[in-house]
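There are 2 protein chains.
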Amino acid sequence: MSEPAPTATARRTRRHDPHRRDRLIDAALQVIAHRGVAGTTHREIARAADVPLGSMTYHFAGLDEILTEAFTRHADGIARVFDERLTAARTRDEAVEAVITLVTDDLLSPGHDLVLTVELYVAAARNPRLKAVTQAWMQRSRDALERHFDPTTAREVDALIEGLTLHSALSTDPMTPAQIRHAIERYLR
Amino acid sequence: MSEPAPTATARRTRRHDPHRRDRLIDAALQVIAHRGVAGTTHREIARAADVPLGSMTYHFAGLDEILTEAFTRHADGIARVFDERLTAARTRDEAVEAVITLVTDDLLSPGHDLVLTVELYVAAARNPRLKAVTQAWMQRSRDALERHFDPTTAREVDALIEGLTLHSALSTDPMTPAQIRHAIERYLR
DNA sequence: AATCACTATGTACGAACGTACGCATGATGT
DNA sequence: ACATCATGCGTACGTTCGTACATAGTGATT
Numbered sequence: 001m002s003e004p005a006p007t008a009t010a011r012r013t014r015r016h017d018p019h020r021r022d023r024l025i026d027a028a029l030q031v032i033a034h035r036g037v038a039g040t041t042h043r044e045i046a047r048a049a050d051v052p053l054g055s056m057t058y059h060f061a062g063l064d065e066i067l068t069e070a071f072t073r074h075a076d077g078i079a080r081v082f083d084e085r086l087t088a089a090r091t092r093d094e095a096v097e098a099v100i101t102l103v104t105d106d107l108l109s110p111g112h113d114l115v116l117t118v119e120l121y122v123a124a125a126r127n128p129r130l131k132a133v134t135q136a137w138m139q140r141s142r143d144a145l146e147r148h149f150d151p152t153t154a155r156e157v158d159a160l161i162e163g164l165t166l167h168s169a170l171s172t173d174p175m176t177p178a179q180i181r182h183a184i185e186r187y188l189r
Numbered sequence: 001m002s003e004p005a006p007t008a009t010a011r012r013t014r015r016h017d018p019h020r021r022d023r024l025i026d027a028a029l030q031v032i033a034h035r036g037v038a039g040t041t042h043r044e045i046a047r048a049a050d051v052p053l054g055s056m057t058y059h060f061a062g063l064d065e066i067l068t069e070a071f072t073r074h075a076d077g078i079a080r081v082f083d084e085r086l087t088a089a090r091t092r093d094e095a096v097e098a099v100i101t102l103v104t105d106d107l108l109s110p111g112h113d114l115v116l117t118v119e120l121y122v123a124a125a126r127n128p129r130l131k132a133v134t135q136a137w138m139q140r141s142r143d144a145l146e147r148h149f150d151p152t153t154a155r156e157v158d159a160l161i162e163g164l165t166l167h168s169a170l171s172t173d174p175m176t177p178a179q180i181r182h183a184i185e186r187y188l189r
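Chains A and B, in that order, are what the protein sequence lines are. 1 is the number of the first residue of the first sequence in UniProt numbering; add one for each residue after it. 1 is the number of the first residue of the second sequence in UniProt numbering; add one for each residue after it.
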């Protein structure tokens with residue numbers, strides 16, 4: 001996402017590091033995914049990015065600022081994929097396929113940390129700035145869906161996507177791609 | 001849920017307090033709802049229940065134990081309502097109505113703190129005991145739904161319920177009961 | 001009434017935290 | 001070449017936390 005970090009040994013001697021702020025935001029997302037928002041501290045992020053603690057207060061006004069920027073990056077990334085897939089679809093059938101692909105390939109891919117999304121929801125419940133991030137993201141998803149479906153359907157299928165993703169992620173017995181396809185097609189065809 | 005607590009002044013003089021453990025678990029749920037799991041500390045719970053700090057270590061082996069018991073109580077409470085509504089339904093149509101009532105009246109009622117459920121999901125991602133609580137709850141919901149619907153439908157509608165509740169709770173423009181009814185009926189009828 | 005097991009309480013300690021701040025350093029513009 | 005200033009760095013302070021523990025009060029049993 002950003003430029004590679006200087007190696008640990010290099011950092012001990014060299015100091016120049018443009019994009020450090022960017023790397024810190026990415027590091028914050030890693031820490032959130034691994035330890036949760038509760039376990040995300042200045043020190044953990046600094047360790048993950050291999051920068052000294054003092055760097056945190058220089059680049060960010062406080063922990064809130066880091067969290068906001070990190071979650072904004074996360075939401076924007078997912079929303080962009082959402083947009084792209086649905087914009088590429090030309091017909092309603094293609095749009096249905098796009099939704100299925102979104103859930104099975106993008107949202108539930110092993111590399112994608114779904115837990116980040118749930119962490120965002122929880123944090124948003126008590127942080128107005130994060131609530132705004134969440135709502136902007138939801139609005140963007142719905143707008144993308146409305147390229148192909150009427151507003152009511154868009155809203156409903158948006159909720160369905162949410163439920164399918166969440167339940168699949170939380171279950172020891174996750175839904176198969178075929179089951180997800182079945183659920184979405186049942187709703188949209 | 002439990003017996004009323006002795007008043008603050010009474011506590012200062014008297015000490016006998018059976019059901020204190022129960023009250024502490026309820027207090028923990030209140031604190032989780034207000035401050036989140038991250039802001040839930042021994043001291044906050046003790047303050048909410050108006051007991052001294054030392055009482056926490058006596059009644060619970062650690063913070064994990066309190067959280068587990070609190071979330072177990074939360075999940076059991078919702079699952080019980082779920083069971084009851086679906087057991088009371090005699091026909092498929094009544095079952096559909098029961099599901100609608102569950103979402104609009106029970107899960108989304110102003111008194112019910114939906115944020116507790118999301119907090120549980122996040123905590124469960126990193127706590128095996130809480131993961132077990134979540135999965136037992138999901139299984140119980142699905143079993144209840146299977147009294148009236150085939151397993152595939154049960155699973156899908158369970159996910160739909162999740163998405164509808166979550167989106168309604170997070171949105172500034174929450175879905176109306178009519179919209180929720182529309183979404184569920186579209187799926188089940 | 002005496003005893004005892006259980007429950008309740010206040011306090012203390014070490015660890016981890018957010019944040020502030022003074023100093024060092026390297027890039028930049030002249 | 002040199003001055004300037006944004007950036008990088010180490011450290012320290014005050015706060016809050018989980019937890020332990022010694023002591024004290026209480027209800028039950030005899």
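Note that beta-carbon positions come from the ideal geometry of N, C-alpha and C, so glycine has one too. Quantities reported herein were computed from a predicted structural model and do not represent experimental measurements.
Buried versus exposed, by CB contacts within 10 Å (16 or more), residue i
{"i": "Tyr187(A)", "result": "buried"}
{"i": "Asp158(A)", "result": "buried"}
{"i": "His148(B)", "result": "buried"}
{"i": "Ala48(A)", "result": "buried"}
{"i": "Ser168(B)", "result": "buried"}
{"i": "Thr176(B)", "result": "exposed"}
{"i": "His16(B)", "result": "exposed"}
{"i": "Arg20(B)", "result": "buried"}
{"i": "Thr104(B)", "result": "buried"}
{"i": "Ala178(A)", "result": "exposed"}
{"i": "Ala88(B)", "result": "exposed"}
{"i": "Arg90(A)", "result": "exposed"}
{"i": "Arg23(B)", "result": "buried"}
The alpha helix (DSSP H) enclosing residue i, as first and last residue numbers
{"i": "Asp22(B)", "result": "Arg20 to Arg35"}
{"i": "Phe71(B)", "result": "Leu63 to Ala88"}
{"i": "Leu160(A)", "result": "Pro151 to Leu170"}
{"i": "Asp173(A)", "result": "Unbroken run through Asp173(A): none, as it is neither H nor E."}
{"i": "Arg140(A)", "result": "Pro128 to Leu145"}
{"i": "Pro95(B)", "result": "As written in the sequence, residue 95(B) is Ala, which differs from the Pro given in the question. From DSSP, the alpha helix (DSSP H) with Ala95(B) extends over Arg92 to Thr101."}
{"i": "Ala38(A)", "result": "Looking at the DSSP string, Ala38(A) is not in any alpha helix (DSSP H), and its letter there is neither H nor E."}
{"i": "Ser55(B)", "result": "Gly54 to His59"}
Integer-rounded CB distance, given that residue j should sit under 8 Å from residue i
{"i": "Thr165(A)", "j": "Leu107(A)", "result": "5 Å"}
{"i": "Ala98(A)", "j": "Leu114(A)", "result": "Not confirmed; about 19 Å, so no contact."}
{"i": "Leu170(B)", "j": "Thr134(A)", "result": "6 Å"}
{"i": "Val96(A)", "j": "Arg189(A)", "result": "6 Å"}
Contact under 8 Å by Cβ, residue i with residue j
{"i": "Ile32(A)", "j": "Glu69(A)", "result": "no"}
{"i": "Leu53(B)", "j": "Ala46(B)", "result": "yes"}
{"i": "Ala144(A)", "j": "Phe71(A)", "result": "no"}
{"i": "Glu162(B)", "j": "Gly163(A)", "result": "yes"}
{"i": "Ala124(A)", "j": "Leu130(A)", "result": "yes"}
{"i": "Ala154(A)", "j": "Arg140(A)", "result": "no"}
{"i": "Ile100(B)", "j": "Arg181(B)", "result": "yes"}
{"i": "Tyr121(A)", "j": "Val118(B)", "result": "yes"}
{"i": "Arg80(B)", "j": "Leu29(B)", "result": "no"}
{"i": "Glu156(B)", "j": "Ala183(A)", "result": "yes"}
{"i": "Leu160(A)", "j": "Leu67(B)", "result": "no"}
Residue i Cβ short of 7 Å to the ligand ADP heavy atom set
{"i": "Val81(B)", "result": "Inclusion of the ligand ADP in the displayed structure is not the case, the ligand content being empty and no account of it being possible."}
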